[in-house]
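Counting from 1 along the first sequence, just add 788 to a position and that's the residue number in my numbering. Beta carbons are placed, not taken as given, at the ideal position from N, Cα and C, and that holds for glycine. Keep in mind it's a predicted model, so treat the numbers as computed, not measured. See structure below.
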Amino acid sequence: MPDPRILAHVDTLRLAVKQPFNFRYTLWKPSHFATGLEQHSADTSWRTFRVGELLTGVVMAMEDADTLRAEVYADGAWQEADRDRLTARLTHSYGLDEDISAFVAQAEQVPPMREPLAALAGMRQSCPENLFEIAIISLLLQNATVARTTQMMTNLLDHYGRVVEFDGVTLKAFFTPEEIVGVDEATFRERDRLGYRAKYIGRFAEFFATHDPDVADHADKAELMREFQTIKGVGPYTAAIIASHAVRDPSALGLDVWNRKLLAKRFLGVDDAEADVVMAEMTRLFPGYEGLAGLYVIEDAYRAQAVVELIE
DNA sequence: ATCCAGGTTCACA
DNA sequence: TGTGAACATGGA
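Below, the structure written as structure tokens:
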């Protein structure tokens, strides 16, 4: 691990949030595996972002009920355009301006959803990763245990990512597509232990080296998604993860062995069921919000035993 | 040991 | 269109 790059404080952002908004469960998800890219306490979150050429670290907390304050640290000159870009990234990553009241009204009518809704009130989808980054994560999740996914993620970040220090914390930062586009398949296989995924990851990097993974415009993003799904290694699950997380489509639900069982238990009362049966039930109960409904169930299941606990 | 993970591709009906 | 094996690796 290289010495951390020291980031300097460059800005303070104050971002309006739409109610109902749950700061803690929006920025920190109890089910998410350890990446070293972020850290959370009861009332504060630290996270790194790549913003254009810059490495940034952000410290987030609520200033008042309607305002999220973000202290920004960076490794170089901070311009107006960088501020705009990070503002858009944060707003989009955490859905700060989304109105989830229609979903809440609908879900309150479904008895098994009452407990998750009460415990996680105001939670939204979170995706601090851009399109490239979430694509990498979903690739690593394919047909692997979380332990192995974490191992592969650690290898990639330690070999190609960065380490930064800001506000007294040390965190990893993601690599960009350009930073891994020259790495060959054998290296991904042997050094990073990616297994058969080694033959796909380079395609992801090539694609996003020529297609901006930070595009904010929704129409462009939909077009990007269509193209992305032609890449080998991107199937229905990976595409749905991106649609649900990065594109923030509340109806997109990527069913895998893990959440399929959790949802079958909660809504069908059985230990497991066929994916299309689970999906049909989610659509019957939560038309238009299948993914967001699934998120509430999954995070509720991990609430008492988080994969990565809050720090003091 | 053998199985199978927070899937996808490819071959062959 | 649909089904089944192969794919890498490592923990249970």
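- With 16 or more other Cβ atoms from the protein chains shown falling within 10 Å of its own Cβ, Lys1009 counts as buried.
- Asp854 has its alpha-carbon roughly 46 Å from the corresponding atom of Tyr984.
- Counting every other CB atom within 10 Å of its CB across the protein chains shown gives Thr814 a total of 16 or more, marking it as buried.
- Leu1056 and Glu1069 do touch by the CB rule: their CB atoms are close to 6 Å apart, below 8 Å.
- Annotation for Val934: the continuous alpha helix (DSSP H) segment containing it runs 934-948.
- If you draw a 10 Å sphere on the C-beta of Trp866, you find 16 or more other C-beta atoms in it, and that means buried.
- By the C-beta criterion, the stretch 828-838 is judged to be in contact with the stretch 798-818, since at least 3 inter-stretch pairs fall below 8 Å.
- For Met848, the three-state secondary structure derived from DSSP is strand.
- Apart from sequence neighbours up to five positions away, the residues of its chain that approach Leu919 with a beta-carbon distance below 6 Å are Pro1001, Ala1034, ordered along the chain.
- Your pair Gly990 and Glu973 checks out as a contact, with CB atoms roughly 6 Å apart and the cut at 8 Å.
- The Cβ atoms of Leu1080 and Phe891 lie closer than 7 Å to each other.
- In its chain, beyond the 5 residues on either side, Phe920, Pro965 have a beta carbon closer than 6 Å to the beta carbon of Phe996.
- In this model, Ala1063 and Ala932 are separated by some 18 Å (Cα to Cα).
- Contact annotation: Leu945 and Lys960 have beta-carbon atoms nearer than 7 Å.
- DSSP places Trp1046 outside any beta strand (DSSP E); the residue lies instead in the alpha helix (DSSP H), whose first and last residues are 1045-1051.
- Per DSSP, the beta-bridge partners of Val951 are Lys960.
- Within a 10 Å sphere around the beta-carbon of Arg979 sit fewer than 16 other beta-carbons, which makes this residue exposed.
- Taking the CA atoms as reference points, Glu896 sits about 24 Å from Ala1061.
- Judged by DSSP secondary structure, Leu815 falls within the alpha helix (DSSP H) whose first and last residues are 811-815.
- In the three-state reduction of the DSSP assignment, Ala804 falls in the strand class.
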